[in-house]
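Participant: After the structure tokens below, expect a handful of questions from me.
Here it is as structure tokens:
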């Protein structure tokens with residue numbers, strides 16, 4: 001099946017809407033009223049001096065404790081001051097410091113959460129200890145102690161409150177930021193050379209926006225109440241400057257003489273707090289409806305250079321050569337042990353094996369995209385005349401996207417839902433190729449056409465949710481090609497697609513290899529895909545390469561019993577062969593890393609195993625340029641492990 005780039009006639013799809021609408025929760029009548037009230041209160045209090053009927057300090061001793069009249073809409077206080085004017089003017093004294101507290105809380109809490117999520121366990125430990133210290137401090141006692149030390153300075157007091165509130169903000173945002181950094185579109189941004197700051201600003205922070213808005217609305221209401229409480233106790237602005245808490249304190253002193261004094265300020269304060277919480281509730285409901293939070297997992301992408309051994313001489317004809325690669329968990333077991341593979345220019349290397357054998361971990365180590373706490377501990381990864389092991393994050397950014405790119409098995413997750421396809425394509429094009437917006441757009445259209453999209457103009461304007469799975473995977477391939485890389489890592493690129501689309505994507509990859517000289521590392525469970533697309537193959541089991549060589553040599557004359565068992569369990573029956581009543585399967589399961597034996601790791605599942613198999617086994621030459629890690633190769637014994645009912649493949 002070929003991939004066409006010629007325009008064909010299709011039914012006109014609906015154009016993606018460029019009009020952004022408010023979230024459904026913010027379009028509810030109650031939320032609209034709450035928002036209008038908050039806007040009215042903020043604007044009225046901020047401009048009070050220019051439109052209120054009386055100055056806030058103006059006294060009319062002939063109208064002491066008067067009720068509402070045409071001249072004094074809400075009455076007067078004990079000194080004949082207009083309650084309406086003081087209520088409006090005092091609003092900013094309560095609202096302004098509350099906004100300052102919110103700004104300080106998020107100005108400290110958000111960077112801490114982003115820092116801890118990005119840099120892993122050590123940064124998280126440090127930031128979490130600071131947050132726990134702030135949480136342990138009694139807020140009221142700290143605020144009163146601050147007042148006793150520096151005096152009554154409302155803005156300074158609320159800044160201290162914001163610092164104390166930054167701890168719960170950090171705790172709430174940390175888990176979400178860690179979850180967002182596990183998304184494939186964040187890894188795709190890293191692969192495309194996006195720096196740490198830009199990853200946070202473009203991909204992580206937008207995902208935190210709704211949670212930040214919810215917490216900001218709640219903290220705003222809390223800040224108003226705390227400021228009012230402090231002013232009520234006498235720790236507010238100096239007399240005669242009004243504030244809502246001070247007005248309530250004045251009304252409390254005359255509760256029996258004039259109960260009405262308590263009503264205007266109490267109602268306005270209550271309505272403002274209720275409105276802020278209504279906004280928060282609406283935003284929280286919208287967040288739960290559209291973006292459930294997934295279980296967080298911490299990530300980092302660093303090598304550990306101090307434990308790396310000197311590498312051997314690199315084969316001259318290899319584009320990339322991995323020698324004796326070991327990947328392990330901090331204070332834990334190894335996940336990849338002694339992997340050695342070689343990728344020739346313009347060829348496709350297939351990594352195959354059961355789940356849990358280390359294929360993806362090996363592939364991701366080539367780009368330094370390993371989970372937090374996991375690192376390359378030994379070996380070398382030579383590419384372009386340098387060893388990638390031990391490079392800093394900044395040095396790896398120069399490799400990602402420009403020289404080595406990656407596509408994943410879930411295209412809809414690999415694309416950022418916040419941005420259009422055009423934005424996600426043109427940004428790396430401008431970064432990698434140093435061109436302007438118009439040239440970047442033309443290049444993006446060319447790339448979309450190159451990957452077989454027949455309507456690139458429409459796709460460029462679309463968002464990821466408006467694309468099918470196959471089209472999204474084509475966009476991901478185009479995204480990987482923006483930096484003109486020499487090597488493409490394809491981590492099961494067809495797993496999430498239907499059979500027809502799988503064939504189209506494989507045909508596209510084959511065409512790219514043939515026309516552009518691109519090399520590919522293909523991670524797959526499907527031996528049929530590997531046989532169709534790959535030139536070389538490396539069969540992995542329990543973190544080791546147990547057999548390698550050309551696809552023809554390995555699949556036609558498997559030497560390792562595990563490879564033979566995989567081929568026997570392959571559900572693709574060649575045409576003309578008899579279909580068996582039951583497919584063979586491999587007994588047992590892949591052992592967990594902490595239970596890997598010293599000898600052959602397949603011995604417990606192999607019918608050919610002997611006592612010698614429980615001793616360390618080195619890889620031996622096989623298939624001319626390949627290897628096999630077995631002392632009973634199938635070239636001398638052809639029996640594979642018998643199947644058992646219900647055994648896992």
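In the UniProt record's numbering, the protein residues as written are 1 to 649.
For each residue, glycine too, the CB sits at the ideal point set by N, CA and C.
1) Please confirm whether residue 412 has its beta-carbon closer than 8 Å to some beta-carbon of chain B.
2) What number of angstroms, rounded off, separates the C-alpha of residue 465 from the C-alpha of residue 507?
3) Tell me, please, which residues DSSP counts as bridged to residue 82.
4) Pull up the CB-CB distance for residue 328 and residue 335, whole angstroms please, since I reckon it's below 8 Å.
5) On the CB-based measure, 16 or more other CB atoms within 10 Å of its CB, does residue 294 come out buried or exposed?
6) Cutting at 7 Å between CB atoms, please list the residues of its own chain near residue 510, excluding the five before and the five after it.
7) For residue 629 and residue 546, I'd like the C-alpha separation in whole angstroms.
8) Where DSSP assigns a beta bridge to residue 544, which residues make up the other side?
9) Roughly how many whole angstroms lie between the Cα atoms of residue 130 and residue 479?
10) Ignore the nearest five residues each way along the sequence and tell me which others in residue 632's own chain have a CB closer than 6 Å to its CB.
11) Does the distance from the C-beta atom of residue 359 to that of residue 366 stay below 8 Å?
12) Would residue 68 pass as a contact of residue 62 if the rule is Cβ separation under 8 Å?
13) Tell me whether the region 232 to 248 and the region 142 to 158 touch, counting them as touching only if at least three CB pairs, one residue from each stretch, are closer than 8 Å.
14) Give me, in chain order, the residues of the same chain whose beta-carbon lies closer than 8 Å to that of residue 539; leave out the 5 immediate sequence neighbours on both sides.
15) Mind reading off the beta-carbon distance from residue 347 to residue 536? Whole number of angstroms is fine, and I expect it under 8 Å.
16) Of all the alpha helix (DSSP H) runs that stay within the bounds of the region 394 to 478, which reach a length of 4 or more residues?
17) Would you mind sorting residue 92 into buried or exposed? The rule is 16 or more other CB atoms within 10 Å of its CB.
18) Taking 8 Å as the threshold (C-beta atoms), are residue 162 and residue 104 in contact?
19) In terms of DSSP beta bridges, what is residue 380 paired with?
20) Rounded to whole angstroms, what's the CA-CA distance from residue 340 to residue 449? Just pull it up for me.
21) I think residue 158 touches residue 223, with their Cβ atoms under 8 Å apart; what is that distance to the nearest whole Å?
22) Pick helix, strand or coil for residue 371, following the three-state DSSP scheme.
23) Measuring only the C-alpha atoms, how far is residue 59 from residue 242?
24) Nearest to residue 471 by CA position, among 199, 459, 79, is which residue?
25) Going by DSSP in three states, residue 522 sits in which element: helix, strand or coil?
26) What's the C-alpha gap between residue 638 and residue 179?
Facilitator: This is what the structure gives:
1) Absent from the structure: chain B. Only one protein chain is present.
2) Spanning the two alpha carbons is a distance of roughly 24 Å.
3) For residue 82, which the question treats as bridged, DSSP gives the partners 76.
4) Between residue 335 and residue 328 the Cβ distance is about 6 Å, and since that is below 8 Å, they are a contact.
5) With a pLDDT of 37 at residue 294, under the threshold of 50, the predicted position of this residue should be treated as unreliable, and no value is reported.
6) Shown here for residue 510: same chain residues with a beta carbon closer than 7 Å to its own, the five before and five after excluded, namely 533 in chain order.
7) C-alpha of residue 629 to C-alpha of residue 546: approximately 5 Å in a straight line.
8) Beta-bridge partners of residue 544 (DSSP): 541.
9) Taking the straight line joining both Cα atoms gives about 40 Å.
10) Contacts found: 608.
11) No, the Cβ-Cβ distance between residue 359 and residue 366 is not below 8 Å.
12) Not closer than 8 Å, so no.
13) Taking 8 Å as the limit for Cβ pairs, the verdict is that the region 142 to 158 does touch the region 232 to 248.
14) Same-chain partners within the cutoff: 352, 353, 545, 546, 547, 548, 554, 560, 562, 563, 566.
15) Between residue 347 and residue 536 a beta carbon distance of about 6 Å is seen, short of the 8 Å cut, so the two are scored as contacting.
16) Correct list: 411 to 414, 421 to 433, 437 to 450, 456 to 461.
17) When all chains shown are included, residue 92 counts as buried.
18) Annotated as proximal: residue 104 and residue 162, with beta-carbon spacing under 8 Å.
19) In the DSSP assignment, residue 380 is bridged to 323.
20) If you take the alpha carbons of residue 340 and residue 449, they lie about 37 Å apart.
21) Cβ-Cβ separation between residue 158 and residue 223: approximately 7 Å, consistent with a contact (criterion under 8 Å).
22) Residue 371: strand per DSSP, three-state reduction.
23) Rounded to the nearest angstrom, the two C-alpha atoms are 13 Å apart.
24) When only C-alpha atoms are compared, the closest one is 459.
25) Taken through DSSP and simplified to helix, strand or coil, residue 522 comes out as strand.
26) Here the model assigns residue 638 a pLDDT of 35, short of 50, so the residue's position is not dependable and the matter cannot be decided.
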